Amino acid sequence: MKPFDIVIVGGGGAGLYAAMEAMKTNPSLNIAVLSKVYPNRSHTSAAQGGANAALGNTAKDDTIEMHIFDTIKGSDYLADQDAVDVLCSEAPKIIRELENIGTPWSRLEDNTIAQRPFGGAGRPRCCYCADKTGHTILQTLYEQCLRKGVIFFNEYFALKLSVNGSRSRGLLAMNMKTGKVEAFPAKTVIFATGGYAKMYWNRSSNAAGNTGDGQAIAYRAGIPMKDMEFVQFHPTGLRKSGLLVTEGARGEGGFLINKDGERFMARYAKEKMELGPRDLVSRSIETEILEGRGFDSPAGKYIHLDLTHLGADLIKARLPQIREMSLNFEGVDPIEEPIPVRPTAHYSMGGIDTDNFGRTIMEGVYAAGECACVSVHGANRLGGNSLLDILVFGRIAGRTAAEEAGKFEPGTISEAELKDSVDDLRSRMQPSGHYERYGALREELGQTLALNVGIFREASLVKKGINDISELQDRFKKVRVFDSSDVFNTNLMQVLELQNMLDLAETVAAGALAREESRGSHTRIDFPVRDDEKWHKHTLATRINGKISAGEKPVTMGRYELQERTY
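The sequence shown begins at -13 in my numbering and counts up by one.
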């Protein structure tokens, strides 16, 4: 195959914006996007609430500086302030560019882009398209990429980077339609594969495919992972499925109610109430349940998200998807009765360590979006900043790769390396002696993470999680792929995804044990206080000779000094 200038792995918002911007930067480039699902089915389509930008349409006094401060404070002061400056300063331009290429933003009466309140924000600045914002942005970007001539390889499963020393030569991927391993030699590679919170199994809002593929490939290639212990639990997942109920439901005025009929957030965030930051609201809900003030059911304990007072017209106009999901998955019409919810594993603040331009330590390899850690979210992401992150830094990574591709020689991937990848896949079909089943290991991984490395953490629990993960990694060597076919071998793909999750789970648990403090989404009940003297720093996890090696990196400070985080 002729070498590409840029291969982008992932067809969600970050990958598509990177492709669009790269083509705009240099239309002569040969750009490919690999995606294991069709791009318009990528997980970006599940983003409901919106994207933050200080447009000042709803709150005329809103400013970029306020957005910067809210983001830094929300991160529990672990975000790199120069990166946050880029995120918030670029936000208005991104929203307006999306508007200009066709994104159908919801509107105010004066026809300006509508903005709603979101948790942890000092002003209502979240721009939205009803409750289907990610879906509409994804469609808009996909059609622009098709229009500009980006080449798509849909239903391809990325396997590994081809590496020569400190330099990437491209990528190896499996064509899911044929089962064949194909080489994608490239001058540059951009990872935009999304998050890894699906490793938490049934307590997750993530799509089945959010298994940390890009991070795991980069990790195995020796690229550091940063701040992996910070996994955000969204306060409002549906009780039975964990599917997300957007923060926009609370932004529109929804109440959180316990079994005693209390709006209990008054105990935890007197000023912000339901619009406190996600880590605080999730811990508050979990505390209410643990202390016996939750509702009980065969599907588990929960609390109520009450929208009934908002009225049918508002719910149908601004939260139509939430109503549809509540009806289909809980049998509840939020116009008539409250929605049963409980916190759900939602977002990975950690990821591939990059600079502000998406570069990693490996020449020719970049990352953007949820699979990367710039870091703009620090220890806790504010609602409305995730879509913004993938758009701003997807655009920057695409532009940077386009500008820098010319300085790299085209990569070449040998037939021997290709054969090794094929042999590795085939060996999984016929393990010798005793074998393990995928389903059992997958279930056990989800359970041990939820029980031992969840919202509340403690040394003995996390150590048990680490031991469990180590045992699962050993057992994984004997996992058998029962489906021997080549065409859409979903059994094989699930096993490959499990390998990625096991590798990343080790870094999450190791970081959770090492960080002896409570900060943002990471709550250690045995170290309940934020410890700025010892732990105001990023953690790094690098794979060296097959083993995890811990490191650290200073937080980039700026205008804002450390202070207590209260709401």
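Every residue gets a Cβ at the ideal spot worked out from N, C-alpha and C, and that includes glycine.
Given the structure is predicted, the values throughout are model-derived calculations rather than measurements.
{"Item": "Shortest alpha-carbon distance to glycine 88 belongs to which of Asn97, Thr126, Thr57?", "Value": "Thr126"}
{"Item": "Under the three-state reduction of DSSP, which class applies to arginine 545: helix, strand or coil?", "Value": "coil"}
{"Item": "Methionine 335 by DSSP, collapsed to three states: which one?", "Value": "coil"}
{"Item": "Pick out whichever of Ser31, Ile176, Gly370 has its Cα sitting closest to the Cα of methionine 348.", "Value": "Ile176"}
{"Item": "Output needed for serine 535: all residues of its chain with C-beta closer than 6 Å, excluding positions within five of it in sequence on either side, in chain order.", "Value": "Thr528"}
{"Item": "If I'm right that cysteine 357 touches glutamine 201 with Cβ under 8 Å, what's the distance once you round it to whole angstroms?", "Value": "5 Å"}
{"Item": "Helix, strand or coil for serine 559? Go by DSSP, reduced to three states.", "Value": "Only positions -13 to 553 of the chain appear in the structure, and residue 559 is not among them; the question remains open."}
{"Item": "Is the number of C-beta pairs between the region 484 to 502 and the region 418 to 435 that are closer than 8 Å three or more?", "Value": "yes"}
{"Item": "Using a Cβ-Cβ cut-off of 7 Å (strictly less than) and excluding sequence neighbours within five positions of glutamate 238, which residues of its own chain qualify?", "Value": "Arg102, Leu296, Leu300, Arg304, Leu305"}
{"Item": "Indicate the three-state DSSP secondary structure (helix, strand or coil) for leucine 224 in the structure shown.", "Value": "strand"}
{"Item": "For threonine 232 and aspartate 117, which I take to be in contact (beta-carbon distance under 8 Å), what is that distance rounded to the nearest angstrom?", "Value": "5 Å"}
{"Item": "Answer with buried or exposed for phenylalanine 442, where buried requires no fewer than 16 other C-beta atoms within 10 angstroms of its C-beta.", "Value": "exposed"}
{"Item": "Could you compute how far the alpha carbon of leucine 94 sits from the alpha carbon of asparagine 486?", "Value": "44 Å"}
{"Item": "Which one of Gly105, Ala33, Pro171 has the shortest CA to CA distance from valine -5?", "Value": "Pro171"}
{"Item": "Flag this pair as yes or no: are the beta carbons of isoleucine 511 and glutamate 401 separated by less than 8 Å?", "Value": "no"}
{"Item": "Could you give the distance in angstroms between the alpha-carbon of glycine 153 and the alpha-carbon of valine -7?", "Value": "Looking at the sequence provided, one finds arginine at residue 153 rather than glycine. Looking at the two C-alpha atoms, the distance is approximately 15 Å."}
{"Item": "Can you look up leucine 242 in the DSSP assignment and give me helix, strand or coil?", "Value": "strand"}
{"Item": "For valine 351, I'd like the list of residues in its chain whose CB is within less than 6 Å of its CB, leaving aside the five on either flank, ordered along the chain.", "Value": "Ser154, Val175"}
{"Item": "Looking only at DSSP bridge pairs, what is isoleucine 584 linked to?", "Value": "It is not possible to answer for residue 584, since the shown part of the chain is limited to -13 through 553."}
{"Item": "For valine 362 and phenylalanine 143, what's the separation of their Cα atoms in angstroms?", "Value": "28 Å"}
{"Item": "Is there contact here, the region 311 to 322 with the region 255 to 271, by at least three beta-carbon pairs under 8 Å?", "Value": "no"}
{"Item": "By how many angstroms is the C-alpha of methionine 185 removed from the C-alpha of alanine 100?", "Value": "35 Å"}
{"Item": "What is the C-beta distance between glycine 36 and glycine 355, in whole angstroms, given that I count them as a contact (C-beta under 8 Å)?", "Value": "Glycine 36 to glycine 355, Cβ: 17 Å. No contact."}
{"Item": "Helix, strand or coil, according to DSSP, for lysine 464 in the structure here?", "Value": "coil"}
{"Item": "Which residues in the same chain as valine 541 place their Cβ atom closer than 7 Å to its Cβ, once the five residues preceding and following it in sequence are excluded?", "Value": "Leu64, Asp66, His522, Lys523, His524"}
{"Item": "I'd like to check one pair, aspartate 62 with alanine 365: are the Cβ atoms closer than 8 Å?", "Value": "yes"}
{"Item": "Determine, using beta carbons only, whether leucine 266 comes closer than 8 Å to chain B.", "Value": "No chain B appears in the structure shown, which is made up of a single protein chain."}
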